[in-house]
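Heads up, the thing below is written out as structure tokens.
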Amino acid sequence: MSSPEPSRLARLSMSLPAELFRQLDMMVEERGLPSRSQLIAELIRHALAEHEALTRPDETLAGTVTIVYAGGGGRVRQQLAETQVDYLKEVISSQHVFLEEDQSLEVLLVQGPAVRLKQLCDALRAIRGVQQLQLVTTTALLPPLHEQDFPPARQEAAE
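The sequence shown: position 27 = 27 (full-length UniProt numbering), numbered continuously.
Written out as structure tokens, the structure reads:
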């Protein structure tokens, strides 16, 4: 992602408790970021996407759903797949990997109205064997995957 032009930046001055400030600086250093501003902007973007999902349920969001689940002899994986079929418009792709100790990790790429993404997550969480599930969203969207208006079919020049 490119940096905003300097003329398009706004300055923010804030006061924090000393311990929180220390933790912020430590996080900036551990992530190898060039400035506090970059980390704070990332945190604000995440909070805004979360806020958007809560306050504007019809707003379209893109994101990922990360799921960790017990193997369960394939039963859990089958139920996850069946649930994803119910949300074909929202689930764009999925990636699965086997973990240690009969566990699996699955990551779904999703896009759709915030309310539908929440319903998808609730349905996935209800599957027995799902141990962890996290939805991470952004207001930045994927480009259209398919054209909605198809050009007229070519007519053969058989005349």
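Backbone N, C-alpha and C define an ideal beta-carbon position, used for all residues, glycine too.
- Relative to residue 69, the option among 48, 42 and 103 whose CA is nearest is 103.
- Boundaries of the beta strand (DSSP E) around residue 62: 60-70.
- Beta-bridge partners of residue 104 (DSSP): 69 and 98.
- Here residue 138 carries a strand assignment [DSSP, helix/strand/coil].
- Per the coordinates, the alpha-carbon of residue 101 lies some 25 Å from the alpha-carbon of residue 122.
- Take residue 141, set aside five residues on each side of it, and the residues of its chain with a beta-carbon closer than 7 Å to its own are 60, 62 and 111, in chain order.
- Taking the Cα positions, residue 105 is about 27 Å away from residue 143.
- Taking 8 Å as the cut-off, the Cβ atoms of residue 120 and residue 82 do not count as close.
- For residue 33, no alpha helix (DSSP H) segment is defined, and its DSSP state is neither H nor E.
- Judged by DSSP in its simplified three-state form, residue 112 adopts strand.
- Non-local C-beta neighbours of residue 74 in its own chain, meaning closer than 6 Å and more than five positions away in sequence, are absent.
- Contact between residue 94 and residue 84 holds, since their C-beta atoms are separated by about 7 Å, short of 8 Å.
- The beta carbons of residue 39 and residue 27 sit about 6 Å from each other, so the pair counts as a contact at 8 Å.
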